[in-house]
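Here is the structure we will look at.
Dropping the structure here:
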């Protein structure tokens with residue numbers, strides 16, 4: 001896979017450049033925050049240089065909305081400091097491991113990068129999900145969880 005990415009970077013100018021600043025998601029998960037490794041950190045994209053990222057596409061499941069770790073108003077500040085890798089569902093942990101193996105620093109996951117109890121933000125970001133996936137360097141699709 002790293003060979004494919006290298007070929008794409010070398011051969012396709014449109015693939016080499018990160019998305020424009022106005023095309024970036026609001027937030028990404030930083031997988032390379034050395035001070036808190038192996039945990040993650042939620043970072044704001046606004047005002048930062050655009051960066052390449054990988055996106056995760058997966059089904060939350062029927063009961064996951066109530067039980068899955070997600071970013072909500074009450075834990076958003078804590079997620080900007082640290083998200084324990086061990087607290088994440090297996091599908092999400094697997095995506096983190098894969099992204100790290102591919103040497104990707106940033107990962108976008110809707111449940112963690114969108115504040116789930118902010119209706120305005122959720123509506124805006126859900127409307128942009130096609131753009132978020134299209135601008136990702138790649139998308140990990142979990143076909144079964």
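Residue numbers (full-length UniProt numbering): 1 to 145.
Ideal Cβ positions, reconstructed from N, Cα and C, are used throughout, including at glycine.
Note that this is a predicted model, so its numbers are computed, not measured.
From the options, residue whose alpha carbon lies closest to that of residue i
i          : options            : result
residue 47 : 21, 90, 74         : 21
residue 42 : 130, 102, 111, 97  : 111
residue 74 : 13, 59, 117, 139   : 117
residue 2  : 135, 120, 119, 104 : 104
residue 32 : 137, 101, 119, 127 : 101
residue 45 : 120, 30, 58, 119   : 30
residue 99 : 12, 40, 23, 8      : 40
8 Å CB neighbourhood of residue i in its chain, flanking five on each side removed
i           : result
residue 132 : 25, 55, 108, 125
residue 147 : Outside the modelled stretch of the chain, which goes from 1 to 145, sits residue 147, for which no answer is possible.
Cβ-Cβ distance between residue i and residue j below 8 Å
i           : j           : result
residue 89  : residue 122 : no
residue 142 : residue 91  : yes
Chain-order list of residues whose beta-carbon lies under 6 Å from that of residue i (same chain, five-residue window excluded)
i           : result
residue 106 : 28, 51, 53
residue 79  : 42, 71
Whole-angstrom distance between residue j and residue i, CA atom to CA atom
i          : j           : result
residue 18 : residue 115 : 24 Å
residue 95 : residue 83  : 15 Å
8 Å Cβ cutoff, residue i in contact with chain B
i          : result
residue 10 : You won't find chain B in this structure, because it holds only one protein chain.
Residues near residue i by beta carbon distance below 7 Å, same chain, minus five either side
i           : result
residue 38  : 85
residue 138 : 54
Where residue i falls, given that 16 or more other Cβ within 10 Å makes a residue buried
i           : result
residue 140 : buried
residue 77  : exposed
residue 6   : exposed
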